[in-house]
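> What follows is a single structure, and I will ask about it in a moment.
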Amino acid sequence: RDLLKILGFFLLVACSGFLGWHLSGKWKKRKDFYKQWYLFNERFFSDLSYLRLPLTEFLKKYTYKSEFSEFVSAYEKSFQTKTLEIDLRFLSEEEQNAALEYFLALGKSDAASQSVMLRSYQELLEEKKNETATDYEKRSSLYVKLGVLFGLLIMVLFV
């Protein structure tokens, strides 16, 4: 009977730690999104400076990961549907609007103006990429530790 209690407590602590890890997923998504967006911006600037592929061809040329890949796919589909619907709950409303503004401006001006726009976003995106990576490092371990502590607290209350 005591062995069963101990096993149950270990299971409780493990589940609460897993719950903390799962809750930190928002911060990982933010980190990955900004990393991919930064990479997209760098590639597009480089491509615009040398190859000057049409936007539709550029979008097909590279693959991206996670939520950013879904966002780029939705953006590409918006060429036919004329509407861009996004679900980026892990970003603030201001960040979602910035992403929409950025993507809706792509391909709408001449190459020189587009290059200026991409360069202006480069610094912002690099800053956000670094900021979200730091946030993820801090918060992911914090959420896991809080989850484990919560499990330990419940264990202590039942003992």
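Sequential numbering from 2 applies to the sequence shown in the numbering used here. Idealized CB from N, CA, C, for every residue including glycine. Remember, predicted model here, so these are calculated numbers, not experimental data.
Assess contact between the segment 137-148 and the segment 25-34, defined as three or more Cβ pairs (one per stretch) separated by less than 8 Å. Is contact present?
They touch, by the three-pair rule.
> Count the other CB atoms, across all protein chains shown, that sit within 10 Å of the CB of F45; report buried if there are 16 or more and exposed otherwise.
buried
> Under 8 Å, do F104 and Y76 count as touching if we go by C-beta distance?
yes
> So, at 7 Å on beta carbons, what are the nonlocal neighbours of Y39 in its own chain, with the 5 sequence-adjacent residues on each side left out?
L126, E127 and K130
> Just the Cα atoms here: how many angstroms apart are Q115 and Y122?
11 Å
> Could you tell me the distance, in whole angstroms, from the CA atom of V149 to the CA atom of M156?
10 Å
> Tell me, please, whether the CB atom of G108 is closer than 8 Å to any CB atom in chain B?
Protein chain content of the structure displayed is limited to a single chain, and chain B is not contained in it.
> For L60, which of F72, G21 and A112 has the nearest alpha-carbon?
F72
> Restricting to Cα atoms, I'd like to know which of Y51, P55, A15 and D33 is closest to S110.
P55
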